[in-house]
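Take the sequence shown: its letter number 46 is residue 46 in the numbering used here, and every next letter is one higher. Each remark here refers to the structure printed beneath this line.
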Amino acid sequence: MGMMSMRLPDELTDQLDLLASATGRTKSFLAGQAIRDYIERESWQITEITQAISEADSGDFASDDEVNSISAKWMRNAG
């Protein structure tokens, strides 16, 4: 397991202390979980963006009819 040291603003450190106390978890556990969640979310977003760019580069776009159909559906559902 890797080791990392980081500086946090006092306010964030205080919030982390309170959360650790309230949940019975260590600050290290909570910080690791927060980093894990962030990395998963960012990795997902980068994957989706990369795929969309690849589709756009290959000319894979919605037709005007498809866009108009979806737009009409949203307008109907919006009331």
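Glycine included, each C-beta is placed from N, C-alpha and C at the ideal position.
Sufficient close CB pairs (3 or more, under 8 Å) joining the stretch 11–19 to the stretch 27–41 | Enough Cβ pairs lie closer than 8 Å, so yes.
Is G79 helix, strand or coil by DSSP?
-> In the structure shown, G79 sits in coil (DSSP, three-state: anything other than H, G, I, E or B).
Let me know the secondary structure DSSP gives D60 once reduced to three states.
-> Coil, per DSSP.
Does DSSP put T26 in a helix, in a strand, or in coil?
-> Coil at T26, not helix or strand.
Mapping DSSP to helix, strand and coil, what is L8?
-> Three-state result, L8: coil.
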